[in-house]
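Here's the structure, in structure tokens; my notes come after.
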Amino acid sequence: MDIERVTDYGALSERLAAEVLSCMLDSGENLICLPSGDTPLGAFKIIASKLSGKSNRLNFKLVGLDEWVGMGRDTKGSCQSCMFEHLYKPCAIGRDKIIEFNAQSTDLEMECRKMDRFIAENGPIDLAVLGIGMNGHLGLNEPGTSFSQSSHIVPLSETTKKVAQKYFPEPVELEKGITLGLKHFLEAKRLILIASGKQKAEIVRRIMEEEVSERIPATIAKIHPDSTLLIDHHAASALQEE
Ligand code: PGA
């Protein structure tokens, strides 16, 4: 795993946008997985400014990372509404380019198998970008998830239920999520984990200093053959060399 420390959030966004754009603009039929959340929003803005009007002529496809069970694009604060508002709509990326979970389905197991089948037939994912949760989760793979897990339905940790309130206009009850599995990230050709801000400094320190373990899902990046931990100096501030 490479560790790339950049000065601030603006630099992190530029660096991430460059990597995502290069994968999107490539002539290959690249499969890209991008996270919702606060951390990638700056990069999404840059991507939108560079991609506008072009996306339909490009060959990439986006695979949706995760969603809160019971929510969808129309639920303000959901993962899919975040992706739609900040990336799909400004970039004019049509539904034909997006494969995502229907977290409102009555058969969520089938949604998982559908996604696994799509990735098995069209994958592996060429570029997976993932935010890091305060507890080290990736997507909604909470601490304790097996590294060989494919798509699954997750009972959310107390930390995630609490931290995720920031995405919603008013308090919501969150119980379960549906997410791609750690197996998909390990098998991705390229993996980038992103973290910004002082509140991520402690989990970044633990990822770097503790052994690879299912207790901290983000440590899988240390056994991935082509991974980068991209962090700004606030997120790097608890590391010894800072
Ligand atoms: P954030 O989310 O980018 O909003 O910090 C990361 C995560 O919890 O996966």
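When the letters of the sequence shown are read in order and numbered with the numbering used here, they come out as residues 27 to 268. Note that the Cβ used here is the ideal one computed from N, Cα and C, for glycine as well.
Quiz item: On the premise that isoleucine 229 lies in contact with leucine 256, defined as a C-beta separation below 8 Å, what is that separation, rounded to the nearest angstrom?
Solution: Not confirmed; about 14 Å, so no contact.
Quiz item: DSSP puts arginine 31 in a beta bridge; with which residues?
Solution: Ile257, per the DSSP bridge assignment.
Practice problem: With distances taken Cα to Cα, identify the nearest neighbour of alanine 129 among Ile29, Cys105, Lys248 and Phe70. | Solution: Comparing Cα-Cα distances from alanine 129 to each of Ile29, Cys105, Lys248 and Phe70, the minimum goes to Cys105.
Practice problem: Say whether the segment 131-142 touches the segment 55-70, bearing in mind that this needs 3 or more beta-carbon pairs closer than 8 Å, one atom from each stretch. | Solution: As far as the Cβ criterion goes, the segment 131-142 does not touch the segment 55-70, which means the pair count is below three.
Self-check item: Buried versus exposed call for isoleucine 119 [16 or more other C-beta atoms within 10 Å across all chains shown]
Solution: Its Cβ being crowded by 16 or more others within 10 Å, isoleucine 119 is buried.
Quiz item: Which two residues bound the contiguous beta strand (DSSP E) that contains glutamate 93?
Solution: DSSP places glutamate 93 inside the beta strand (DSSP E), whose first and last residues are 92-94.
Self-check item: Rounded separation between serine 78 and proline 116 - CA only
Solution: Rounded to the nearest angstrom, the two C-alpha atoms are 7 Å apart.
Quiz prompt | threonine 65 (DSSP reduced to helix, strand or coil) | solution = Reduced to three states, the DSSP call for threonine 65 is coil.
Self-check item: Distance between glycine 207 and proline 61 (C-alpha atoms, nearest Å)
Solution: Cα to Cα, the separation comes out at about 13 Å.
Quiz item: Would you say histidine 163 touches ligand 1, meaning its beta carbon is less than 7 Å from a heavy atom?
Solution: Histidine 163: yes, Cβ under 7 Å from ligand 1.
Quiz item: Looking at leucine 182 and leucine 200, is the spacing between their C-beta atoms short of 8 Å?
Solution: At a Cβ-Cβ threshold of 8 Å, leucine 200 and leucine 182 count as neighbours.
Self-check item: Extent of the continuous alpha helix (DSSP H) to which leucine 134 belongs
Solution: 134-148 is the span of the alpha helix (DSSP H), which, as asked, contains leucine 134.
Quiz item: Can you give the Cα-Cα distance for glutamate 126 and alanine 264, rounded to whole angstroms?
Solution: If you take the alpha carbons of glutamate 126 and alanine 264, they lie about 36 Å apart.
Quiz item: Measuring CB to CB, does valine 155 end up less than 8 Å from proline 66?
Solution: Against a cut-off of 8 Å, the Cβ pair of proline 66 and valine 155 comes out as a contact.
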